[in-house]
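Participant: Okay, handing you the structure first.
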Amino acid sequence: MTSDKTLRWSAFGFGIFFALVVALGYIPSLNGGMDHVAMTANGEHMMMGLYMIGPADDVTHGLSALLFLIAAAASGAWSRLALTALGFYYAFDAAIYLVTGFIKGDAVVHTVGLNMPHVVISAIMLWLAYRGVKALKV
């Protein structure tokens, strides 16, 4: 089973990671169409020319950062809960957008490429949360 120390450091790391994701969205040289910085239009921009990011993404990533940092400061149990909850959230988010991309007929490489960060991140979160936990017998 993952130790409390590892869980807390992992939650802290994810908190910093998500805070950086939000911060990177406000660096003009890394982003095109910086409408959200100027608070005009629909607020979406292309982050590093790869990912369409909007205000809802900033709020989601910002709240994820805050939750992880609070959990890391609180305890290993809270860190495991945060890793589990947000791991499933980002996995579900990736699944929704993968299926949507396939239904819309978007190129497979494009659909998978856009969603790969959430697939990888959620897999790491869930692996950390459940590593070594014995399965429940029903």
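Last residue of the sequence shown: 119 in the working numbering, with the numbers rising by one and none dropped.
All C-beta atoms, glycine included, are put in the ideal place defined by N, C-alpha and C.
Predicted, not measured: the structure shown is a model, and the values here were computed from it.
Thinking C-beta only, is residue 65 closer than 8 Å to residue 110?
Facilitator: Taking a C-beta distance under 8 Å as the contact criterion, residue 110 and residue 65 qualify as a contact pair.
Participant: Pick helix, strand or coil for residue 129, following the three-state DSSP scheme.
Facilitator: One cannot answer for residue 129 here, as it falls past the ends of the chain, which runs -18 to 119.
Participant: Check this for me: beta carbons of residue 52 and residue 45, under 8 Å apart or not?
Facilitator: no
Participant: Can you find the residues in the same chain that come closer than 6 Å, C-beta to C-beta, to residue 63, ignoring five residues on each side of it along the sequence?
Facilitator: -8, 48, 49, 52
Participant: Looking at C-alpha atoms only, which residue of 81, 58, 38, 108 is the closest neighbour of residue -1?
Facilitator: 38
Participant: Quick test of your reading: residue 57 and residue -11, contact by CB under 8 Å. State the CB separation rounded to the nearest angstrom.
Facilitator: 6 Å
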